[in-house]
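Chemist:
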Amino acid sequence: MTYLGQVYAIVWKDLLLELRTRERIAAMGAFAVLAGVLFNYSIDATIVRPQDIAAGLIWMTLVFGGLLGIGRTFYLEAQDGAFQGILTSPAPKDAIFLGKTAANFVLLYVVALLVVAVFTLFFGLHLGTSPALLALVLALGALGFVALGTLFSAVSSGTHMGETLLPILVFPLLVPMVIYGVSATSRLLVGRPVAEVAGNLRMLAAFAVLAVFAGAGLFRYVVEE
Amino acid sequence: MPSKNVRTAGGVMAMLGVVGVLVLHWMVFFWTPTEANQGIIQRIFYIHMPSAVVAFLAFGIVAICSALYLWLGDDHLDQAAVAAAEGGIVFTTIVLLTGPLWGRIAWGTYWTWEPRLTLTLLLWFIYLGYFLVRASTENPDRGKRFAAVVGIVGALDIPLIHLSVRWFRSLHPGPVVIKPEGPTLAPQMMTTIMVGLVSLLLLFAGIFLIRYTIEVAKQTLDVRDQQARV
Numbered sequence: 004m005t006y007l008g009q010v011y012a013i014v015w016k017d018l019l020l021e022l023r024t025r026e027r028i029a030a031m032g033a034f035a036v037l038a039g040v041l042f043n044y045s046i047d048a049t050i051v052r053p054q055d056i057a058a059g060l061i062w063m064t065l066v067f068g069g070l071l072g073i074g075r076t077f078y079l080e081a082q083d084g085a086f087q088g089i090l091t092s093p094a095p096k097d098a099i100f101l102g103k104t105a106a107n108f109v110l111l112y113v114v115a116l117l118v119v120a121v122f123t124l125f126f127g128l129h130l131g132t133s134p135a136l137l138a139l140v141l142a143l144g145a146l147g148f149v150a151l152g153t154l155f156s157a158v159s160s161g162t163h164m165g166e167t168l169l170p171i172l173v174f175p176l177l178v179p180m181v182i183y184g185v186s187a188t189s190r191l192l193v194g195r196p197v198a199e200v201a202g203n204l205r206m207l208a209a210f211a212v213l214a215v216f217a218g219a220g221l222f223r224y225v226v227e228e
Numbered sequence: 017m018p019s020k021n022v023r024t025a026g027g028v029m030a031m032l033g034v035v036g037v038l039v040l041h042w043m044v045f046f047w048t049p050t051e052a053n054q055g056i057i058q059r060i061f062y063i064h065m066p067s068a069v070v071a072f073l074a075f076g077i078v079a080i081c082s083a084l085y086l087w088l089g090d091d092h093l094d095q096a097a098v099a100a101a102e103g104g105i106v107f108t109t110i111v112l113l114t115g116p117l118w119g120r121i122a123w124g125t126y127w128t129w130e131p132r133l134t135l136t137l138l139l140w141f142i143y144l145g146y147f148l149v150r151a152s153t154e155n156p157d158r159g160k161r162f163a164a165v166v167g168i169v170g171a172l173d174i175p176l177i178h179l180s181v182r183w184f185r186s187l188h189p190g191p192v193v194i195k196p197e198g199p200t201l202a203p204q205m206m207t208t209i210m211v212g213l214v215s216l217l218l219l220f221a222g223i224f225l226i227r228y229t230i231e232v233a234k235q236t237l238d239v240r241d242q243q244a245r246v
């Protein structure tokens with residue numbers, strides 16, 4: 004089996020599992036919509052317009068809701084001991100990590116698009132002149148986020164603190180993603196020229212590449228017995 | 017016994033560091049001239065800046081020892097990493113206490129999203145995560161590996177965090193930052209800074225070595241304890 008074949012097998016298995024249980028996607032999706040409802044009532048529209056802070060709300064919903072699902076990446080397999088089987092398979096550990104990350108990315112990206120759609124509806128946003136670029140900003144941010152989230156989800160599920168540890172480990176590291184992601188999103192939402200977000204896109208890409216490589220390199224030290 | 021020599025060396029360095037810190041306080045309060053623009057509050061800088069240097073240096077040691085630990089699997093590297101991390105979080109706490117005290121007078125506010133201040137706060141939380149993963153793992157070897165991963169990823173991310181908080185700052189100009197260094201430095205100020213740097217580095221090195229020998233002893237005892245139970 005080729006390396007990519009092994010990665011693909013993990014991705015397919017995880018997505019199929021999610022398709023059948025729909026646990027994580029349902030939790031993240033419901034979280035996103037309900038957070039939108041709560042945000043609506045937490046903003047006094049006579050003081051601040053929701054559109055002005057929408058980008059920040061979108062990214063915070065994504066981070067909090069995303070962590071809810073990513074934190075349970077290894078939960079189901081740990082419950083019935085299936086992860087031991089994956090680890091003893093001949094697939095290299097970094098292929099397992101990349102597969103898990105790719106599957107999480109698909110889930111989170113679906114949630115990201117849902118968040119944008121729901122917030123557009125709730126807060127009357129306009130997606131600006133380049134929705135495709137907005138989709139790219141979300142994709143790059145989500146990729147870095149799931150790579151770090153998957154690595155530290157493996158760490159936290161090996162501790163007795165479990166998922167409660169995850170935000171403490173991940174939030175300090177997410178600062179670059181939040182800063183560049185929110186800034187690019189708010190600029191695109193108000194229709195600023197594309198050239199203004201080129202730098203942000205590069206930094207988001209750098210963050211994502213760093214997170215994916217660090218995760219792939221370090222994952223085996225987290226899961227080995 | 018080498019670990020006894022290490023402990024003696026650590027004790028000597030720590031004592032020299034303590035003497036240095038006492039001398040530093042005398043210099044800060046009685047010897048060095050008051051800075052013209054900022055006045056008396058600038059004197060806290062002689063403690064603040066060397067502490068920040070030590071805090072980041074300690075994290076560098078944590079990251080390098082963690083990476084080498086994962087690579088070579090030698091427990092001594094992990095013991096060195098813990099020792100550096102404990103010293104590091106103490107000095108990071110000093111930076112976070114002295115910074116806002118200075119900022120209250122110089123900037124008119126205890127907290128501002130000044131990039132170096134923000135980075136130090138995040139560094140403190142990365143250290144916290146480092147200790148939490150160690151403390152919340154039943155299998156000590158696993159805890160060591162988890163902590164090493166936290167240390168390495170933290171060190172890789174710190175340059176990006178630094179770039180991003182600086183960039184964010186450039187978007188939102190805040191209160192005017194008066195450079196603590198000042199344009200021209202009186203020779204006495206320079207001497208005080210150097211005394212501060214040398215004493216705090218000595219103090220850290222001493223604490224680091226002592227803590228290292230304690231960690232070596234503790235892990236040896238833990239292993240014996242486990243063997244006795246089996």
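For the protein sequence lines, the chains are A and B, in the order given.
Start counting the first sequence at 4; every next residue gets the next number (this note's numbering).
Start counting the second sequence at 17; every next residue gets the next number (this note's numbering).
Positions of the beta carbon are idealized from the N, C-alpha and C atoms, including for glycine.
Considering only residues of the same chain and omitting the five flanking positions on each side of Y85/B, which have a CB-CB separation below 6 Å?
Modeler: Hits under 6 Å: L93, D94 and A164.
Chemist: Kindly give me the distance between the Cβ atoms of S156/A and A58/A, rounded to whole angstroms, as I take these residues to be in contact under 8 Å.
Modeler: In fact, because the Cβ distance is near 26 Å, the residues do not count as touching under 8 Å.
Chemist: Using the rule of at least 16 other Cβ atoms within 10 Å of the residue's Cβ for burial, across every protein chain shown, is V192/B buried or exposed?
Modeler: Note that V192/B scores 46 on pLDDT, short of 50, meaning its location in the model is unreliable; the coordinates nonetheless yield the value given after this. With fewer than 16 Cβ atoms within 10 Å of its Cβ, V192/B is classed as exposed.
Chemist: Closer than 9 Å by beta-carbon distance: list the chain B residues that pair up with I13/A, in chain order.
Modeler: Near I13/A there are no residues of chain B at all, since even the closest Cβ is about 20 Å away, more than 9 Å.
Chemist: Residues in its own chain within less than 6 Å of R223/A by CB, not counting five upstream and five downstream?
Modeler: For R223/A, where only same-chain residues beyond five positions count, the Cβ hits under 6 Å are K96.
Chemist: Quick check: the Cα distance between Y183/A and W183/B, rounded to an integer number of angstroms?
Modeler: One C-alpha to the other measures close to 9 Å.
Chemist: Since E51/B sits in a beta bridge, which residues does DSSP pair it with?
Modeler: In DSSP, E51/B forms a bridge with G55/B.
Chemist: Using a Cβ cut-off of 8 Å, pull out every chain B residue sitting near I182/A, in sequence order please.
Modeler: Per Cβ cutoff of 8 Å: S180, V181, W183 and F184.
Chemist: Which same chain residues end up closer than 8 Å to T50/B when comparing Cβ atoms and leaving out the 5 residues on each side of it in sequence?
Modeler: Correct list, in chain order: I56, Q58 and R59.
Chemist: Please determine, among K234/B, Q243/B and S215/B, the residue with the shortest C-alpha to C-alpha distance to H64/B.
Modeler: That would be S215/B, whose Cα lies nearest to the Cα of H64/B.
Chemist: In whole angstroms, what is the alpha-carbon distance linking L146/A and L124/A?
Modeler: Near 25 Å, if we compare the C-alpha coordinates of L124/A and L146/A.
Chemist: Relative to the alpha-carbon of V109/A, which residue among A217/A, L22/A and V200/A has its alpha-carbon at the smallest distance?
Modeler: When each option's Cα is compared against that of V109/A, the closest is L22/A.
Chemist: Whose CA, out of M205/B, A83/B and V78/B, lies closest to the CA of L144/B?
Modeler: Ranking M205/B, A83/B and V78/B by Cα distance to L144/B puts V78/B first.
Chemist: If S180/B sits next to M206/A, beta carbons under 8 Å apart, how far is it from one beta carbon to the other, in whole angstroms?
Modeler: Confirmed, Cβ separation roughly 7 Å.
Chemist: Are there 16 or more other CB atoms within 10 angstroms of the CB of V98/B, so buried, or fewer, so exposed?
Modeler: Looking at its Cβ environment, which holds 16 or more other Cβ atoms inside 10 Å, V98/B is buried.
Chemist: Mind checking the stretch 156-184 of chain A against chain B and listing, in chain order, the residues whose C-beta falls within less than 7 Å of any C-beta there?
Modeler: For the stretch 156-184 of chain A, which is checked against every Cβ of chain B, the residues closer than 7 Å are V158, G161, T162, H163, M164, L168, I171, L172, P175, L176, V178, P179, I182 and Y183.
Chemist: Can you check which of these residues, D90/B, K234/B, T125/B and A71/B, is closest to A221/B by C-alpha distance?
Modeler: Ranking the options by Cα distance to A221/B, first place goes to A71/B.
Chemist: List, in order along the chain, the chain B residues whose C-beta lies closer than 9 Å to that of M206/A?
Modeler: By Cβ distance, chain B contributes L176, L179, S180 and W183.
Chemist: In whole angstroms, what is the alpha-carbon distance linking Q54/A and T132/A?
Modeler: C-alpha separation (whole angstroms): 16 Å.
Chemist: Examine chain A for any beta-carbon lying closer than 9 Å to the beta-carbon of L88/B, and answer yes or no.
Modeler: No, its Cβ sits nowhere closer than 9 Å to a Cβ of chain A.
Chemist: Between F126/A, V215/A and G194/A, which lies nearest to L136/A when the distance is taken from Cα to Cα?
Modeler: Nearest of F126/A, V215/A and G194/A to L136/A, Cα basis: G194/A.
Chemist: In the DSSP assignment, the alpha helix (DSSP H) including V118/A goes from what residue to what residue?
Modeler: Run containing V118/A: K96 to F126, per the alpha helix (DSSP H) assignment.
Chemist: May I have the straight-line CA-CA distance separating A211/A from V37/B, to the nearest angstrom?
Modeler: Distance between the alpha carbons of A211/A and V37/B is about 43 Å.
Chemist: Which class does M4/A belong to by DSSP, given the choice of helix, strand or coil?
Modeler: Reduced to three states, the DSSP call for M4/A is coil.
Chemist: Is L40/B near the ligand ZN, in the sense that its beta carbon is under 8 Å from a heavy atom of that ligand?
Modeler: The ligand ZN is not part of this structure, which contains no ligands at all.
Chemist: Please list the partners that Y78/A has in chain B, where partner means a Cβ-to-Cβ separation under 8 Å.
Modeler: Within chain B, no residue comes near Y78/A; the closest Cβ sits about 17 Å away, beyond 8 Å.
Chemist: In angstroms with no decimal places, state the Cα-to-Cα distance between L112/B and L218/B.
Modeler: When rounded, the distance between both Cα atoms is 21 Å.
Chemist: Only counting the same chain, and skipping five residues up and downstream in sequence, which positions put a Cβ closer than 6 Å to that of T48/B?
Modeler: So the list reads Q204, M205 and T208, once near-sequence residues are dropped.
Chemist: Give the residues from the stretch 59-74 of chain A that approach chain B closer than 8 Å (Cβ to any Cβ), ordered along the chain.
Modeler: Answer set for the stretch 59-74 of chain A: empty.
Chemist: For N53/B and W118/B, I'd like the C-alpha separation in whole angstroms.
Modeler: So the two alpha carbons sit approximately 13 Å from each other.
Chemist: So L192/A and A115/A are in contact, right, with Cβ under 8 Å, and what is the actual spacing, rounded?
Modeler: Contact doesn't hold; Cβ gap of about 14 Å is too wide.
Chemist: Smallest Cα separation from E80/A: which of A94/A, K103/A, V181/A and A35/A?
Modeler: It is K103/A.
Chemist: At least one CB of chain A closer than 9 Å to the CB of V169/B: is that the case?
Modeler: It does: the Cβ of V169/B has a partner Cβ on chain A nearer than 9 Å.
Chemist: Could you tell me which chain A residues have their CB closer than 7 Å to the CB of S152/B, listed as they occur along the chain?
Modeler: Here the neighbours are T162, H163, M164 and L168.
Chemist: What residues in its chain sit with their C-beta under 8 Å from that of R23/B, if we drop five residues either side in the sequence?
Modeler: Only L225, I226 and T229 meet the Cβ criterion.
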